[in-house]
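Mind the numbering: the sequence shown is residues 0 to 388 in numbering that gives the first Met the number 0, read in order.
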Amino acid sequence: MPALPLAVSTSLLPPLHLQNPLHFRPDLISLCGAVRFFNNMGHADMMSDFLRQCGGVAVIDGGFATELERHGADLNDPLWSAKCLLTSPDLIRRVHLDYLEAGADIILTASYQATIQGFKNQGYSVEQGENMLRKSVELAREARDIYYTRCQEAPIKDSTGDKILKQHQILVAASVGSYGAHLADGSEYSGDYGDAMNLEFLKDFHRKRVKVLADAGPDLIAFETVPNRLEAQAFAMLLEEENINIPAWLSFNSKDGINVVSGDSITECVAAAESSNKVVAVGINCTPPRFIRDLVLSIKKVTSKPILIYPNSGESYDADIKQWVQHTGVSDKDFASYVNKWCEAGASLVGGCCRTTPHTIRSIYGTLSCKSADPSLVFEAPRLQPSEG
Numbered sequence: 000m001p002a003l004p005l006a007v008s009t010s011l012l013p014p015l016h017l018q019n020p021l022h023f024r025p026d027l028i029s030l031c032g033a034v035r036f037f038n039n040m041g042h043a044d045m046m047s048d049f050l051r052q053c054g055g056v057a058v059i060d061g062g063f064a065t066e067l068e069r070h071g072a073d074l075n076d077p078l079w080s081a082k083c084l085l086t087s088p089d090l091i092r093r094v095h096l097d098y099l100e101a102g103a104d105i106i107l108t109a110s111y112q113a114t115i116q117g118f119k120n121q122g123y124s125v126e127q128g129e130n131m132l133r134k135s136v137e138l139a140r141e142a143r144d145i146y147y148t149r150c151q152e153a154p155i156k157d158s159t160g161d162k163i164l165k166q167h168q169i170l171v172a173a174s175v176g177s178y179g180a181h182l183a184d185g186s187e188y189s190g191d192y193g194d195a196m197n198l199e200f201l202k203d204f205h206r207k208r209v210k211v212l213a214d215a216g217p218d219l220i221a222f223e224t225v226p227n228r229l230e231a232q233a234f235a236m237l238l239e240e241e242n243i244n245i246p247a248w249l250s251f252n253s254k255d256g257i258n259v260v261s262g263d264s265i266t267e268c269v270a271a272a273e274s275s276n277k278v279v280a281v282g283i284n285c286t287p288p289r290f291i292r293d294l295v296l297s298i299k300k301v302t303s304k305p306i307l308i309y310p311n312s313g314e315s316y317d318a319d320i321k322q323w324v325q326h327t328g329v330s331d332k333d334f335a336s337y338v339n340k341w342c343e344a345g346a347s348l349v350g351g352c353c354r355t356t357p358h359t360i361r362s363i364y365g366t367l368s369c370k371s372a373d374p375s376l377v378f379e380a381p382r383l384q385p386s387e388g
């Protein structure tokens, strides 16, 4: 069995009042001179206030595996990007920081393909697998802490060179990939899990993973690349059954701009998100940019929840050789040119997925930089205190 520490270090965890930034201390937020307690709000109100602080549109980070590979990581492994939780945690932290310094308001953990079952298949114990899930959240929170420190130390608060250093609220979203992602056979791009698949199996597969991630202290749970209605239902039901007390989002993928990849209706899939008030946003990820506007318009007809979109670069994926087909996507400039149209259609959280980079996110940030935050909401980045121990 591969060696792996059984305990995840807590020496770099943020102060207690930062362990869920959706619940700020009153001394960290000023509203027209009055104190407002976010922890008295419902999940939907918290997301609304967060978006208002972002000026109406929040920026999500971009492709994670893309960046890991660009820095030299070999992800030809059933664990994919989760492999780096074992081999290159410093690189994961670095990529998170790159996205924060590109203007991201939300960073997703490196747990998309991290499952207890997947780690077990590679020879690790259940306890070790759970620790790696916790580690994914810890690394993202550490990156956020480092970013806050850099903002405080920067001579110019808004930006330094090509790095965007500004004091703003940052959320950590714990990524939960679909069952198909665990299979590592491309089925998250088809939604074909076989006729024998059922709701109880999917709930049991994800149950412990979701609970461990939620307990690790992220601000959101991001159910990503959901390929069919059945799995969306499983995720929504798990939030209730496990009494998950942090908000979540559901994002689907499409290959025709009309339905999700399984052929299920996008509106029927969104209905699964509507069934839980813990789901605070719904939308699309890992879908070519050309399909996004029509999908946003379809989603908008059946939900009042904020709509999130983080498309891939538009490149084609060859599931047989497990590679993206080069030069089939759009440039960062062209990608960013879509942003205003997506926001006009109704999107309020925008980022990138596979094959997008910090350059893409910086382009999105630049496109949205004319937006101004609600002047009644002033966020002061917390001054981090040395951890004990």
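Here a beta-carbon is modelled for each residue, glycine too, at the ideal position from N, C-alpha and C.
Residue i - partner residues in DSSP beta bridges
i, result
"L170", "I105"
"V58", "V349"
"G282", "S250, L307"
"I220", "A173, A247"
"N258", "S264"
"V209", "None; V209 has no bridge partner."
"V225", "F251"
Integer Cβ distance of residue i from residue j, believed to fall under 8 Å
i, j, result
"P226", "E187", "5 Å"
"R142", "L99", "The sequence as given places Ala at residue 142; Arg does not occur at that position. That belief holds up - the Cβ atoms of A142 and L99 are roughly 6 Å apart, short of 8 Å."
"T224", "N252", "5 Å"
"I245", "I298", "That belief does not hold up - the Cβ atoms of I245 and I298 are roughly 23 Å apart, past 8 Å."
"G61", "G351", "4 Å"
"L107", "A172", "5 Å"
"P228", "D263", "Here the sequence assigns Arg to residue 228, which means Pro is not the residue at that position. At roughly 4 Å, the Cβ-Cβ gap stays under 8 Å, so R228 and D263 are in contact."
"V349", "V125", "Contact doesn't hold; Cβ gap of about 37 Å is too wide."
"Y178", "E230", "6 Å"
"K340", "R292", "6 Å"
Inter-residue spacing [alpha-carbon to alpha-carbon] between residue i and residue j
i, j, result
"V260", "L249", "15 Å"
"L90", "F200", "34 Å"
"D44", "G256", "30 Å"
"L296", "C285", "17 Å"
"L27", "Y146", "The pLDDT assigned to L27 is 37, lower than 50, so where the model puts this residue is not dependable, and the model offers no usable value."
"A195", "M236", "20 Å"
"L164", "C150", "5 Å"
"T86", "R140", "19 Å"
"R393", "K332", "Here the chain comprises residues numbered 0 to 388, so residue 393 is not present and cannot be evaluated."
"S368", "G117", "40 Å"
"K254", "E152", "45 Å"
"P310", "P357", "14 Å"
"D104", "Q166", "10 Å"
7 Å Cβ shell around residue i - same chain, five flanking residues per side excluded
i, result
"Q232", "L198, A271"
"E240", "none"
"A180", "Y111, Q112, E187, T224"
"R401", "A query on residue 401 cannot be resolved here, the shown segment of the chain reaching from 0 to 388 and no further."
"V94", "F63, E66, L67"
Residues of its chain near residue i, where Cβ-Cβ distance is below 6 Å and the 5 sequence neighbours each way are ignored
i, result
"A81", "Q112, A113"
"G365", "none"
"A162", "Sequence inspection shows Lys at residue 162; the Ala mentioned does not correspond to that position. The residues are E100."
"G313", "P287, P288, G328, V329"
"A344", "R292, V295, L296"
"V279", "H42, A43, M46, P246"
Spatially closest choice to residue i from the options, by CA coordinates
i, options, result
"N120", "L182, C83, D73", "L182"
"C83", "I106, M46, I59, M131", "M131"
"Y51", "S347, Q116, T355", "Rather than Tyr, the amino acid found at residue 51 in this sequence is Arg. Nearest option by C-alpha distance: S347."
"D144", "D161, Q168, E129", "Q168"
"P88", "T356, L138, G190", "L138"
"Q127", "N339, I243, I115", "I115"
"N242", "K277, D293, P310", "K277"
"H42", "K304, G185, K254", "K304"
"T148", "S135, L96, S189, D104", "L96"
"F49", "F118, A153, L170", "L170"
"L78", "G54, V136, Q166, D184", "D184"
"I306", "A247, P357, S330", "A247"
"V338", "P217, K134, I59", "I59"
"A215", "V279, S189, S135", "S135"
"M46", "C342, R354, D218, K300", "D218"
Cβ neighbours of residue i in the same chain (closer than 8 Å, five flanking residues each side left out)
i, result
"V175", "S110, Y111, H205, R208, V209, L212, I220, A221, F222, E223, F234"
"A335", "T359, S362, I363, G365, T366"
"T396", "As displayed, the chain neither begins before 0 nor continues past 388, which places residue 396 out of reach and without an answer."
Minimum Cβ-Cβ distance from residue i to chain C less than 8 Å
i, result
"R228", "No chain C is part of this structure, which consists of one protein chain only."
beta-carbon residue i near the ligand NAD non-hydrogen atom, thresh 7 Å
i, result
"Y98", "The model on display carries no ligand, and the ligand NAD is accordingly not part of it."
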